[in-house]
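Colleague: Heads up, the sequence shown is in numbering that gives the first Met the number 0, so the first residue is 0 and it goes up one at a time. Backbone N, C-alpha and C define an ideal beta-carbon position, used for all residues, glycine too. Everything numeric in this text was worked out from a predicted model, so none of it was measured. Below are the structure tokens for one structure; questions will follow.
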Amino acid sequence: MLMVNSRVYLNSIVSLDTTSPKQGFDSEPPQTRHSSSAVLALKASINTLKMASRKQTKLAFEILSNSDPTSGTRLGRLAVEGRKALETPGFIAVTSRGVVPHMTPDVIAAHAQFGGVHMALEDFIEKNNKTTPPILNCPGSTSALHTFTALPTSLISLLAPRRTPAVTAPNGNANTSISVFTSTGFQVLPNKSYINSIETLRPDIAVALADIPYGTTAGQKRTAKMGDRSGQWLSQLLTDKPDDQPVFAPVLPIDYQSQWEYLNYIVDDLVDSISGLAFYDSNMIPDIPATTAMSTLPRLSLDEPSSPHHILRQISLGMDIFTIPFINFATDAGIALTFEFPSPRTPTTSVSTPHSSILPLGIDMWTPTHSTSLLPLSPSCTCYACTSHHRAFIQHLLSAKEMLGWVLLQIHNHYTLSTFFTSIRQSIQNGTFENDCEEFARVYESELPEKSGQGPRVRGYHFKSEGPGEGKKNKAAWAADFGSRTNRKEVDVGLVPEEGAEGLQDKGFAEKVDV
0 MLMVNSRVYL NSIVSLDTTS PKQGFDSEPP QTRHSSSAVL ALKASINTLK
50 MASRKQTKLA FEILSNSDPT SGTRLGRLAV EGRKALETPG FIAVTSRGVV
100 PHMTPDVIAA HAQFGGVHMA LEDFIEKNNK TTPPILNCPG STSALHTFTA
150 LPTSLISLLA PRRTPAVTAP NGNANTSISV FTSTGFQVLP NKSYINSIET
200 LRPDIAVALA DIPYGTTAGQ KRTAKMGDRS GQWLSQLLTD KPDDQPVFAP
250 VLPIDYQSQW EYLNYIVDDL VDSISGLAFY DSNMIPDIPA TTAMSTLPRL
300 SLDEPSSPHH ILRQISLGMD IFTIPFINFA TDAGIALTFE FPSPRTPTTS
350 VSTPHSSILP LGIDMWTPTH STSLLPLSPS CTCYACTSHH RAFIQHLLSA
400 KEMLGWVLLQ IHNHYTLSTF FTSIRQSIQN GTFENDCEEF ARVYESELPE
450 KSGQGPRVRG YHFKSEGPGE GKKNKAAWAA DFGSRTNRKE VDVGLVPEEG
500 AEGLQDKGFA EKVDV
């Protein structure tokens, strides 16, 4: 395996310009002359990291499976001080503006079984830098992030710079900052500001900045910058962060040859200072250097699986923690997830595809046949929605655009994923995971059902920023004018008389008649 000396990598990352280019992704930074003081400063930073690397953070990860921890499926437990332990493989919920869509904190505490949430700093900051975002002024003795979002204390909070999936920014990243999509528009997020926000918010886990050009394919020159910038940002975060703050290092969505210097820099100098790895491409897991320190770190997937089949594949590669955006997409589309691992425990002929034994991964609640159905969303599900309500009621709520309909679907869909991962962990423990995956592939369709109905009003996590001149995402509930211009004229005839005042005077006015 190729290895790189940390001194060589130092020379590459200190050659970055500290100014921010105004051009796009492929802009070349101006050639500058760096003094030896910059090199010495970065070397001193790495020496500081090495001396502080053995300090304990508030996070611990334990591999419980008996299989080889360097490859393949594995069982684990992620423990954070003051939080409920997360059994792995497991998932954390994806939030928008600090909340899980359709679920209030009390609903999460009462009915949710996931172990944590993924939050994005870009959801809390604004384009205007003249004022401090309210979340950064929120008091909190332990975690201002938990306090501001009213997150249940048992859940683990993970803070990343960008949401998942991220919105493509019109401008590229710079040497010291990335472009983010705030609630009021696109903005630049410097690495230093991100570090200060982590220090203020004190999330349970923080994901370091990654130089990722969303929406574009990086060229050869661009991929070289990605590793250099990400390494510099990670080093700065590890140097300036509080001692007990757990940090996950990003693994970039490019091939191994394009980031081997960056990865080996982590192995040689930073592995004892990080608490985990955040993968933007799960295919990179087999290429991670198979050292004991690297293989025992928890692995977070930011690869956005689009179906449970993709989740199973990532687990087979050795992934531990997942963010699953398709849960929110399914809920908004009115789809109730019905899959079980490895196969349904009870007969599900009511949701099977006609003329086929293959079962769908979910049912479309907009289908007219559900309007009179008294069945639960899933026959064997024991969530609140399935034990307290039936399909006809939920379809009525969706048709009437009552937000309770999406609340019940969200509770059910998150519960379905929780039981899905519970069955996966049991399968790994029994040593039947590979056979169970094959059975799951035979029983269920490969993709989720397509959306057929209209979802709720578009909110923050729905926006994709299609470019200038894009229309409104939400149609007006009532038309701006009641009827066409022709209809208005018909109404106006009776209100505005065509005769003048003299004509009306001659005709006279109606008189009141006593009855």
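(1) Curious, which full-length alpha helix (DSSP H) runs of at least 4 residues does the stretch 409-447 contain?
(2) With 16 as the cutoff for other CB atoms within 10 Å, does A159 come out buried or exposed?
(3) Which residue marks the beginning of the alpha helix (DSSP H) containing A332, and which one marks its end?
(4) What's the C-alpha gap between L208 and R298?
(5) Can you look up R344 in the DSSP assignment and give me helix, strand or coil?
(6) With a cut-off of 8 Å, do at least 3 Cβ pairs link the stretch 174-188 to the stretch 109-126?
(7) Output the distance between the C-alpha atoms of A165 and T345, rounded to the nearest integer angstrom.
(8) On a CA-only basis, which of L296, A84, W259, L408 is nearest C382? Give me that one, please.
(9) When burial is assigned at 16 or more other CB atoms within 10 Å of the CB, is A43 buried or exposed?
(10) Give me the Cα-Cα distance between S274 and I393, rounded to the nearest whole angstrom.
(11) Compare the Cα-Cα distances from Q219 to each of T421, S196, V187, Y255 and report the closest residue.
(12) Give me the Cβ distance between A277 and A248, rounded to the nearest whole Å; I'm assuming they're in contact under 8 Å.
(13) Would you call the stretch 141-156 and the stretch 188-195 touching, i.e. three or more CB-CB distances under 8 Å?
(14) With burial defined as no fewer than 16 other Cβ atoms inside 10 Å of the residue's Cβ, what is the status of K224: buried or exposed?
(15) Alpha carbon to alpha carbon, how far is M318 from M102? Give it in angstroms, no decimals.
(16) If we count the other Cβ atoms within 10 Å of its Cβ and call it buried at 16 or more, is P133 buried or exposed?
(17) Give me whichever residues DSSP pairs with V98 in a beta bridge.
(18) Roughly how many angstroms separate the alpha carbons of S387 and S153, rounded to a whole number?
(19) Counting only runs of 3+ residues fully inside the stretch 235-304, write out the beta strand (DSSP E) ranges in chain order.
(20) Need the endpoints of the alpha helix (DSSP H) that P324 sits in, please.
(21) Hey, L376 and H411: beta-carbon distance below 9 Å or not?
(22) Tell me which residue opens and which closes the beta strand (DSSP E) that P307 is part of.
(23) Compute the beta-carbon to beta-carbon distance between S306 and S445, rounded to the nearest angstrom, for a pair I have assumed lies under 8 Å.
(24) When we look at the beta-carbon of Q502 and count the other beta-carbons within 10 Å, is it buried (16 or more) or exposed?
(25) Where does P133 sit, in a helix, a strand or coil, going by DSSP?
(26) Since S281 and L316 are thought to touch, with beta carbons under 8 Å apart, how far apart are those beta carbons, to the nearest angstrom?
(27) Using the three-state DSSP reduction, which class does A43 fall into: helix, strand or coil?
(28) State the start and end residues of the unbroken alpha helix (DSSP H) segment that holds I106.
(29) Under three-state DSSP, which class holds A500?
(30) Among the residues of its own chain, which have a CB less than 6 Å from the CB of P202, if the five just before and after it don't count?
(31) Between the alpha carbons of D480 and E401, how many angstroms are there, rounded?
(32) If I follow the unbroken alpha helix (DSSP H) through S398, where does it start and stop?
(33) Is the beta carbon of A289 closer than 9 Å to that of D271?
(34) Measuring only the C-alpha atoms, how far is F123 from G97?
(35) Going along the chain, which residues of its own chain have a beta-carbon closer than 8 Å to the beta-carbon of I62, five neighbours each way excluded?
(36) Keeping to the same chain, check which residues put their C-beta closer than 7 Å to that of G404; ignore five residues upstream and five downstream.
Modeller: According to the structure shown:
(1) 432-442
(2) A159 is classed as buried because its beta carbon has at least 16 other beta carbons within 10 Å across all chains shown.
(3) A332 -> no alpha helix (DSSP H), and no H or E assigned at all.
(4) 16 Å
(5) coil
(6) yes
(7) 38 Å
(8) L408
(9) Only weak support is given to the placement of A43: the predicted model assigns it a pLDDT of 48, under 50, and the question is left unresolved by the model.
(10) 43 Å
(11) Y255
(12) Contact holds; Cβ gap of about 7 Å.
(13) The stretch 141-156 vs the stretch 188-195: no contact.
(14) buried
(15) 27 Å
(16) Here P133 is exposed: its Cβ has fewer than 16 other Cβ atoms, across all protein chains shown, within 10 Å.
(17) S95
(18) One Cα belongs to S387, the other to S153, and the distance between them is close to 26 Å.
(19) 246-250, 275-278, 298-300
(20) Segment: none, P324 is in no alpha helix (DSSP H) and carries neither H nor E.
(21) yes
(22) Per DSSP, P307 belongs to no beta strand (DSSP E); it is in the alpha helix (DSSP H), 307-316.
(23) 7 Å
(24) In the sequence as displayed, the identity of residue 502 is Gly instead of Gln. So G502 ends up on the exposed side.
(25) helix
(26) 6 Å
(27) Because the pLDDT of A43 is 48, which lies under 50, any placement of that residue in the model is unreliable, and the number read from its coordinates should be weighed accordingly. Note: A43 maps to helix in three-state DSSP.
(28) Checking the displayed sequence, the identity of residue 106 turns out to be Val instead of Ile. First-last of the alpha helix (DSSP H) with V106: 104-110.
(29) helix
(30) L144, S156, L158
(31) Its pLDDT being 49, under 50, D480 is placed unreliably by the model, and the measurement read from it follows with that caveat. Cα-Cα distance, rounded: 25 Å.
(32) 390-398
(33) no
(34) 8 Å
(35) P68, R73, L74, G75, T295
(36) Shown here for G404: same chain residues with a beta carbon closer than 7 Å to its own, the five before and five after excluded, namely I393, L396, L397 in chain order.
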